[in-house]
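Notes follow the structure.
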Amino acid sequence: MTAPSSVGLSSEARNLHWLLSNLVEEVPGILSVAVVSSDGLLLLSSDDSRNDEARVAGTGTGTGTGKRTGPRGSAADLATVVSGIGSLTVGASKLMDYGPVKHTMVAMDEGSLFVMSVSDGSLLGVHGSADCDMSVIAYHMALFVGRAGHVLTPELRSELRQSLENESTGSPR
0 MTAPSSVGLS SEARNLHWLL SNLVEEVPGI LSVAVVSSDG LLLLSSDDSR NDEARVAGTG
60 TGTGTGKRTG PRGSAADLAT VVSGIGSLTV GASKLMDYGP VKHTMVAMDE GSLFVMSVSD
120 GSLLGVHGSA DCDMSVIAYH MALFVGRAGH VLTPELRSEL RQSLENESTG SPR
């Protein structure tokens, strides 16, 4: 898995792409990663080969191998799930008056989902394999958030979103 091309992006955006690629390549058990804005839009994904498919159809038809490697096989589907879980847990936190949500982990028979707050409502979502070490993934997600949270400004989020839109239309950056 690799992050989308970072040619033509600011140094902050390139660094964020590098951090995401490093997270996926270095941590065993991570299948896919998505960074989602507070309004639920995909900003950055670990799997650029499926980003176009997700943008065009929104259906996430998978990789064609018959093996699922993420939520229905697309970055947009992971972003949707991450955004929904983030919204649900924020609502629960407000209802219970327990303060802001730091992270959420969902363990399933065939995989795991991790959602962690990055900054200003942005979220980091990770889809992990069934045999992943949840504590290792959570630790590396916290490192990513610590390194990326302060640079994920409104300007950078806008640049990342525009980059994804340009990739889908084939426009120059």
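Residues 0 to 172 (numbering that gives the first Met the number 0) are what the sequence shown spells out, left to right.
We put the beta carbon where it would ideally sit given N, CA and C, even for glycine.
Asked	Found
Can you round the beta-carbon distance between residue 123 and residue 78 to whole angstroms, since I take them to be within the 8 Å contact cut?	Actually they do not touch by this definition, with Cβ atoms about 11 Å apart.
The alpha helix (DSSP H) spanning residue 111 covers which residue range?	From DSSP, residue 111 is part of no alpha helix (DSSP H) but of the beta strand (DSSP E) over 110-116.
Nearest CA to the CA of residue 83: which residue from 120, 150, 25?	120
Assuming contact is defined by CB atoms lying nearer than 7 Å, are residue 18 and residue 146 in contact in what I supplied?	yes
Given residue 39, which residues of its chain have a CB within under 6 Å of its CB, disregarding the five upstream and five downstream residues?	82
Do residue 100 and residue 117 have their beta-carbon atoms positioned less than 7 Å apart in this structure?	no
Going by C-alpha distance, which of 129, 96, 45, 91 is nearest residue 108?	129
Taking residue 103 as part of the alpha helix (DSSP H), name the residues at either end of that continuous run.	Where residue 103 is concerned, there is no enclosing alpha helix (DSSP H), although the beta strand (DSSP E) it sits in stretches over 102-107.
Please name the residue in 45, 144, 102, 96 whose C-alpha comes closest to that of residue 16.	45
Is the beta carbon of residue 74 sitting closer than 7 Å to the one on residue 33?	yes
Need the endpoints of the alpha helix (DSSP H) that residue 129 sits in, please.	Note, residue 129: premise wrong, no alpha helix (DSSP H); not H, not E.
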